[in-house]
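Notes to accompany the following structure.
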Amino acid sequence: MRRTVLVTVLIVVAILAAAGGLGYYFYNSYLYYTIDDAQVTGTILPVASPGSGQIDTLAVKLGDKVTANEVIGTVLVTPATGGKPVDVKVSSPIDGTVVQDSVVVGQAVAAGTPLIQVTNLNNLTVTAYVDEGRINDVKVNQEVDVTIDAFSGTSYKGHIQTIVAATAGSFSLLPTNDNTSGNFSKVSQRVPVVITLDSNGSNNVVPGLSAEATIHLH
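Offset between the sequence shown (1-based) and our numbering: plus 1.
Here it is in C-alpha cells:
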C-alpha cells in the first residue's frame, strides 16, 4: 500500500514537473525570441586614391583613430593629359578607426584604389536572421539583449532598427530553392533584422564578431 502511494506521488510530481517545464517554455517563448545566428556589423568605408599615381605620404596606420576631413595621406597623381604629377591630399570621410591599411609609401596605385578602410566603432549594429515563421512577432523598436561570443559575460542593450524587406536568400548568388529538377524541397527562409546597439561598452567590439540576440516580444 505504502509503495503504491509512493509510486503515485512520484508520477504526480513528474507530471507536475513536466507541465511546469512546458509552461515555462511556452511562457518564455511568448515573451522572448532568441536568435543565435547573428553578427556584429558596421559601415566600413574605403578611403580611395583620387587618381592614378604614387603614394607620397601615409599619416595613419591600422588601429589609428581619425576624424572627418582629416588628411590621412597624399598621392602624387599623374594628370591624364601628362605633365608634372600633382600632390593630392586624401581625407577620411567620417570619424572612425582605421580597420585596414592596404598600401605603403611609394606604391603605385590606380584611381579608386583603397588606401585605408575606416569604420565608426561607436555606431555598430547587429544583423540577426529571423526564421520566417517568427517574423510577424518581430517589430521595429522592440528591445533586444545582445551577447557577443568574444565577450560572453557581457550583455548589450539594443533595439530593432530595421526589418529588411527581403529574405537572406534573396541576396545569394545561388538560390536556396531549386525545383528545376522536379524534386521540390521546401527550405525555411530567414529575414535579416538590423539591431542598433545602444552602447558597445568598453569592450573592443568590432564588425564581424558572432553574436546572439534575444528580442523582447511582449
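By construction, the Cβ of each residue, glycine as well, lies at the ideal position given by its N, Cα and C atoms.
What is the DSSP secondary structure of residue 25, counted as helix, strand or coil? Confidence in residue 25 is poor, its pLDDT being 46 and thus under 50, which makes the residue's placement too unreliable to answer from.
Cβ neighbour criterion (16 or more within 10 Å) applied to residue 25: Residue confidence for residue 25 is low, a pLDDT of 46 falling below 50, so the modelled location carries little weight; the figure read from the coordinates is stated next. Looking at its Cβ environment, which holds fewer than 16 other Cβ atoms inside 10 Å, residue 25 is exposed.
Mark residue 137 as exposed unless 16 or more other C-beta atoms lie within 10 angstroms of its C-beta, in which case mark it buried. Exposed, since its Cβ has fewer than 16 Cβ neighbours within 10 Å.
Have a look at residue 62 and residue 166 and give me their C-alpha separation to the nearest angstrom. Here the C-alpha atom of residue 62 lies approximately 38 angstroms from the C-alpha atom of residue 166.
Please classify residue 88 as buried or exposed, where buried requires at least 16 other C-beta atoms within 10 Å of its C-beta. Note on residue 88: under 16 other CB atoms within 10 angstroms of its CB, so exposed under the neighbour-count rule.
Grouping DSSP H, G and I as helix and E and B as strand, with all else coil, what is residue 49? Strand.
Could you pull the DSSP bridge partners for residue 220 from this structure? Since the first and last residues shown for the chain are 2 and 219, residue 220 lies out of range.
Once DSSP output is grouped into helix, strand and coil, what is the label at residue 92? Residue state, collapsed to three classes: strand.
Residues bridged to residue 193 (per DSSP): Beta-bridge pairing links residue 193 to 130.
On a Cα-Cα basis, can you pick out the residue from 149, 111 and 93 that is closest to residue 157? Comparing Cα-Cα distances from residue 157 to each of 149, 111 and 93, the minimum goes to 149.
Please look up how many angstroms separate the CB atoms of residue 75 and residue 57, rounded, as I've assumed it's under 8 angstroms. With a Cβ gap of about 4 angstroms, residue 75 and residue 57 count as contacting.
Would the segment 120 to 130 and the segment 36 to 50 be scored as touching if the rule is three or more Cβ pairs under 8 angstroms? With the cut-off at 8 angstroms, the segment 120 to 130 and the segment 36 to 50 touch.
Boundaries of the beta strand (DSSP E) in which residue 119 is found, first to last residue: Its beta strand (DSSP E) spans residues 115 to 120.
Going by DSSP, what residue range makes up the beta strand (DSSP E) through residue 200? Where residue 200 is concerned, there is no enclosing beta strand (DSSP E), because DSSP gives it neither an H nor an E.
Apply the 10 Å Cβ neighbour rule to residue 69 and answer buried if 16 or more other Cβ atoms are within range, or exposed otherwise. Of the other Cβ atoms in all chains shown, fewer than 16 fall within 10 Å of the Cβ of residue 69; this residue is therefore exposed.
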